[in-house]
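**Student:**
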Amino acid sequence: MVSMLAGNGSFVTEFVLAGLTDCPELQLPLFFLFLIIYIITVAGNIGLIILIGLNPHLHTPMYYFLFNLSFIDLSYSSVFSPKMLMNFVSEKNSISYEGCMTQLFLFLFFVISECYMLTSMAYDRYVAICNPLLYKVTMSPQVCSIISFAAYGMGFAGASVHTGCMLRLTFCNANLINHYLCDILPLLQLSCTSTYVNEVVVLIVVGINITVPSCTILISYVFILANILNIKSTQGRSKAFSTCSSHIMAISLFFGSAAFMYLRYSSGSMEQGKISSVFYTNVGPMLNPLIYSLRNKDVKVALRKSFIKFQREDKF
């Protein structure tokens with residue numbers, strides 16, 4: 005839908021989301037696949053949030069950051085998943101200009117916040133393994149709160165810059181977004197005005213939000229690995245590795261697919277970009293609670309205790 009009356013200078017007042025694929029025979033199978041993924045994502049992250057909140061022995065820095073990570077995963081998957089599912093079963097999946105910009109802002113806010121929350125978790129593991137005697141002092145509740153607020157602050161700043169730059173563009177006749185959500189690159193392809201500033205902003209802001217966390221995580225794990233190799237006990241090394249393996253799996257999936265999607269200098273294939281984005285928008289939020297719960301002894305114990313407590317209360 006186009007209009008000459010859009011107050012922000014844009015002619016387009018409504019966008020149409022193309023979705024993941026235009027093959028009719030794949031629509032229904034993909035609907036059920038992504039519905040299952042979304043249900044597991046919601047159940048897993050809400051379950052982990054409740055479990056951490058109800059168990060005092062999980063009120064530690066590591067689980068404080070995991071609590072925030074679950075909240076972020078739950079939130080940003082909910083920003084686009086309902087629209088994505090709708091696209092599989094409806095003939096035309098439209099979204100208003102205002103709704104699209106709101107979705108873009110919220111999506112970027114939570115994605116960038118996740119970058120820095122994962123970085124915070126790497127720093128937490130570094131302190132726990134390399135400076136265990138100073139862990140409680142270094143990772144005090146006040147410090148953890150400051151770190152988490154900084155992560156959300158970076159998310160807000162990045163989302164504001166990207167969305168602000170997007171609002172200055174004019175969209176004339178083309179309104180078909182070749183994606184299942186309102187993301188930066190697909191929207192830039194529709195603009196009928198120069199996107200040079202936006203492209204520079206993408207390279208700078210996305211570059212910072214991937215390079216800085218990635219380097220911080222890499223440096224943290226270099227020190228962690230060096231410390232682990234100095235542990236004489238095989239059991240001690242195995243325990244140290246196990247505390248980091250879940251986090252390494254999560255960051256590899258998230259940063260790998262996000263970097264492939266955004267740091268492409270050529271226009272490339274948007275179809276490849278859509279497939280890549282599925283991993284950090286859908287698969288990651290679903291796997292994170294499973295990775296951290298199935299591979300974590302403390303979470304298993306807390307889950308068992310909560311289940312036993314629930315059974316006892318149910319009898320009375």
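When you line the sequence shown up against this note's numbering, it's residues 5 to 320, in that order.
Just so it is clear, CB atoms sit at the ideal spot from N, CA and C, and this is done for glycine as well.
(1) Taking buried to mean at least 16 other C-beta atoms within 10 Å of its own C-beta, is P65 buried or exposed?
(2) Could you check which residue in V20, P86, M125 and G168 has the C-alpha nearest to that of V147?
(3) Determine whether the beta carbon atoms of C134 and F15 lie at a separation below 7 Å.
(4) Check whether the segment 30-39 and the segment 186-205 are in contact - that is, three or more C-beta pairs closer than 8 Å.
(5) Could you tell me the distance, in whole angstroms, from the CA atom of F160 to the CA atom of I76?
(6) Determine the contact status of N49 and L89, defining contact as a CB-CB distance below 7 Å.
(7) Are the CB atoms of L52 and S81 within a distance shorter than 7 Å?
(8) Nearest-angstrom Cα distance between I54 and E118?
(9) Within 8 Å, do at least three Cβ pairs link the segment 91-104 to the segment 149-167?
(10) Tell me the residue span of the beta strand (DSSP E) that contains E18.
(11) Which residue from V83, V131, Y67 and L24 puts its Cα closest to that of I223?
(12) Are the Cβ atoms of C169 and V205 separated by less than 7 Å?
(13) Quick one: Cα of L229 to Cα of I235, how far?
(14) Which of helix, strand or coil does DSSP assign to S100?
(15) Under the three-state reduction of DSSP, which class applies to L185: helix, strand or coil?
(16) I'd like to confirm the pairing. Which residues does DSSP put opposite L180 in its beta bridges?
**Tutor:** Quick answer:
(1) buried
(2) Nearest option by C-alpha distance: M125.
(3) C134 places its beta carbon 7 Å or farther from that of F15.
(4) no
(5) 13 Å
(6) The answer is no: Cβ separation not under 7 Å.
(7) no
(8) 19 Å
(9) no
(10) Start and end: E18 to L21.
(11) V131
(12) yes
(13) Going by the C-alpha atoms only, they are around 10 Å apart.
(14) Strand, per DSSP.
(15) coil
(16) V20
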